[in-house]
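These notes are about the structure you will find just below.
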Amino acid sequence: MSQSKSASIMDARILVPAIGDAFRKLNPRSLAKNPVMFVVAVVSALTTVLLLKDLVTGGASLGFSFQIVIWLWFTVLFANFAEAVAEGRGKAQAESLRRTRTETQAKLLSGDDRTKFKLVAGTSLKVGDVVIVEAGDIIPSDGEVVEGVASVNEAAITGESAPVIRESGGDRSAVTGGTQVLSDWIKVRITAAAGSTFIDRMIALVEGAERQKTPNEIALNILLAGMTLIFVLATATIPSFASYAGGYIPVIVLVALFVTLIPTTIGALLSAIGIAGMDRLVRFNVLAMSGRAVEAAGDVDTLLLDKTGTITLGNRQATELRPVRNVTEQELADAAQLASLADETPEGRSIVVLAKDKYAIRARDMASLHATFVPFTAQSRMSGVDLDGSSIRKGAVEAVLRHVDLGTVATGSTRASGETVREIQAIADEISKAGGTPLAVVRDGRLLGVIHLKDIVKGGIKERFAELRRMGIRTVMITGDNPMTAAAIAAEAGVDDFLAQATPENKLSLIREEQAKGKLVAMCGDGTNDAPALAQADVGVAMNTGTVAAREAGNMIDLDSDPTKLVEIVEIGKQLLMTRGALTTFSIANDIAKYFAIIPAMFLAFYPQLGALNVMGLQTPQSAILSAIIFNALIIVALIPLSLKGVKYRAVGAGALLSRNLLIYGLGGIIVPFVGIKAIDMAITAIGLV
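With full-length UniProt numbering, letter number 317 in the sequence shown gets 317, and the count goes up by one each step, no holes.
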């Protein structure tokens, strides 16, 4: 898996601009997007006005008031800074993408003749225009190959230096503007208008300009706003209690109490957590079209995975030669290798390698054999070689048996014995039941045996599925294989279920069935026939190499076109949810400790009995209030790395996860403020700030 290098949050190129952005985000329209921090900014402005009034009128405790006001504004700025740092990482990636956008010249075609074109600016291309792109040319805009085949360097998008093949009429027809054709030529029909290309959308998304809040984030914001309103009402009642006791509590102290008790920690970091989740996906070369998709990935219940290329290596490998009676393995290996020498498929090459490694059949002088190779065709379902006076074929068992029958009729030779045919069919059935693919080999009408091709299950995939099962996720393998072969592969891979002989309608039906049960479904695909299912799935991951229809239907695009990333996408989504939950728990637990710091300090003069609640042993009421407000601001900065990196992912169930969060972040959220506030109290008392 490719993983893009991400700028460190300690990088000065991110931190320095983030400081300026933190001040720019003091704009009320920006602050209004975060209700908690908007309220903090409003009360900070109120205390600033009161401080200026006291400066003019000569009010008491100006030094204390000034420090409170400063730390209130620091609280707002630190929250803005956290968001700016998260966005800064995206902006660094966006700047890299901008460098890939060049003002290229496009060869616009006016007819079918590819030699007749006119040069136009790439930015002037319209949807539907057809351009010719030749070796060395930059593809001017997003499009779909309508003719030709070429090798394309997509390093500007994926970071992968190895070129990829793009061709018309298949599932690898989509091309991206800014990538370069290395060999041959292709005709491309433009599918994106200027300013809305894939790179343009990537830039906007990674910069956070189009990051919409997810449903859970909106719900949490509403909860935090509700808690803030409750504390507004609670704080507003405090002067009445003080007045009843014959005392007076300054407004600035009430503001300090209010700000320390509302959930400022999670309110400050909520946006940064969401941006960081999308950033982690981008570092894995996966582009999420929305934050909603990332969050949905964390809640996925059912995972649909294609067999080929995801669960298996994708290329069947020859693993065994099974000769019939009266035929030696060496004889079968010799014929199988001869029939495969011109076969450039992975299967054909694996047969040659097997004969070489296991049976020591190496160099051959093909010139002396006067060989004529017979390529594989969909009609014959066989390939092979014709030598001087000899003919060898390998292919599907049914096709080879039919070839033997037809050869018998044409030449009048002795037909293969029924016993040999039954033996071939028995071997083929045994291989199929084991999940393999049988290929029969015949030489001059004589059946020699069967080649066992095995779809190799990827190493470690069974353990990964077991991990997903522990997370409560059901895995379903989708394959076009027959049920017998599919069952064998499913058992070896350790998936929970499988869908054999799958059609686009079958996939869509399965997704709808799961969703009807209240489950969230994720799947990946790359072809036009996958588009309906990708659009229906809650998390649809389209391969970047796939068709335009697939890319438009999905809500995520894998730039490396690696279907196994579905597992990582789910893990990143869960990490996002875990991080948000952990910091919310920590923030709320924080308030308990801050309550014990401020409430006794505020009322100690009126109700001496409250001294029993001063469990921290804070020096003075003023030092207690100032220590709490300083801690409240500094804890935001301290938690920025955790909010961006995310809490450590563990494949555990929801119950175990809740227990762990309560233990670590709930208990930690109570203990850390006690220690932190006491340390700050000792420091500011020692240096005489109060």
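Glycine residues also receive a C-beta, built at the ideal position from the N, C-alpha and C atoms.
As the structure is a computational prediction, the values presented were derived from the model and not from experiment.
Beta-bridge partners of residue i, as assigned by DSSP
i: residue 382; result: 395
i: residue 105; result: 121
i: residue 447; result: 442
i: residue 185; result: 134, 149
i: residue 166; result: 150
i: residue 320; result: 452
i: residue 505; result: None; residue 505 has no bridge partner.
i: residue 302; result: 474, 521
i: residue 609; result: Paired residue(s): none; residue 609 is not in a bridge.
i: residue 288; result: 556
i: residue 543; result: 558
i: residue 334; result: Partner(s): none; residue 334 has no beta bridge.
Residue i versus residue j: straight-line alpha-carbon distance, rounded
i: residue 304; j: residue 374; result: 39 Å
i: residue 268; j: residue 637; result: 10 Å
i: residue 310; j: residue 498; result: 14 Å
i: residue 369; j: residue 447; result: 22 Å
i: residue 409; j: residue 354; result: Because residue 409 sits at a pLDDT of 41, beneath the cut-off of 50, its placement in the model cannot be relied upon, and the point is left open.
i: residue 345; j: residue 201; result: 37 Å
i: residue 105; j: residue 123; result: 9 Å
i: residue 49; j: residue 628; result: 22 Å
i: residue 709; j: residue 572; result: Outside the shown range of the chain (1 to 690) lies residue 709, about which nothing can therefore be said.
i: residue 347; j: residue 455; result: 10 Å
i: residue 331; j: residue 382; result: 19 Å
i: residue 198; j: residue 176; result: 7 Å
i: residue 32; j: residue 645; result: 26 Å
i: residue 465; j: residue 472; result: 11 Å
i: residue 553; j: residue 193; result: 18 Å
i: residue 142; j: residue 174; result: 8 Å
i: residue 682; j: residue 631; result: 13 Å
i: residue 426; j: residue 441; result: 15 Å
i: residue 523; j: residue 431; result: 30 Å
i: residue 56; j: residue 62; result: 11 Å
i: residue 395; j: residue 358; result: 21 Å
i: residue 566; j: residue 665; result: 29 Å
i: residue 620; j: residue 557; result: 58 Å
i: residue 113; j: residue 147; result: 12 Å
i: residue 575; j: residue 643; result: 11 Å
i: residue 18; j: residue 319; result: 57 Å
i: residue 21; j: residue 30; result: 11 Å
i: residue 539; j: residue 486; result: 24 Å
i: residue 377; j: residue 270; result: 58 Å
i: residue 241; j: residue 579; result: 39 Å
Cβ-based burial, residue i [other Cβ within 10 Å; buried from 16]
i: residue 23; result: exposed
i: residue 667; result: exposed
i: residue 633; result: buried
i: residue 587; result: buried
i: residue 372; result: exposed
i: residue 512; result: exposed
i: residue 615; result: exposed
i: residue 641; result: exposed
i: residue 609; result: exposed
i: residue 292; result: buried
i: residue 517; result: exposed
i: residue 312; result: buried
i: residue 150; result: buried
i: residue 144; result: buried
i: residue 16; result: exposed
i: residue 397; result: buried
i: residue 27; result: exposed
i: residue 340; result: buried
Rounded Cβ spacing between residue i and residue j (contact assumed at less than 8 Å)
i: residue 390; j: residue 444; result: 6 Å
i: residue 138; j: residue 195; result: Actually they are not in contact, since the Cβ atoms of residue 138 and residue 195 sit about 18 Å apart, beyond 8 Å.
i: residue 108; j: residue 317; result: Contact flag wrong, Cβ pair sits at about 46 Å.
i: residue 322; j: residue 450; result: 5 Å
i: residue 327; j: residue 423; result: That belief does not hold up - the Cβ atoms of residue 327 and residue 423 are roughly 10 Å apart, past 8 Å.
i: residue 462; j: residue 493; result: 6 Å
i: residue 37; j: residue 82; result: Their Cβ separation, rounded to whole angstroms, is 10 Å, which puts residue 37 and residue 82 out of contact at 8 Å.
i: residue 88; j: residue 203; result: Not really, about 14 Å apart at Cβ, beyond 8 Å.
| request: Could you tell me whether the region 183-196 touches the region 119-138, using the rule of 3 or more Cβ pairs below 8 Å? | output: yes
| Three or more C-beta pairs closer than 8 Å, one from the region 540-548 and one from the region 494-509: is that the case here? | no
| said: Within 8 Å, do at least three Cβ pairs link the region 294-308 to the region 663-681? | reply: no
| If we count Cβ pairs, one from each stretch, closer than 8 Å, do we get three or more for the region 40-55 versus the region 240-254? | yes
| Okay, do the region 217-231 and the region 254-263 touch, 3+ Cβ pairs below 8 Å being the bar? | yes
| message | Between the region 526-540 and the region 504-511, can you find at least three pairs of beta-carbon atoms closer than 8 Å? | response | yes
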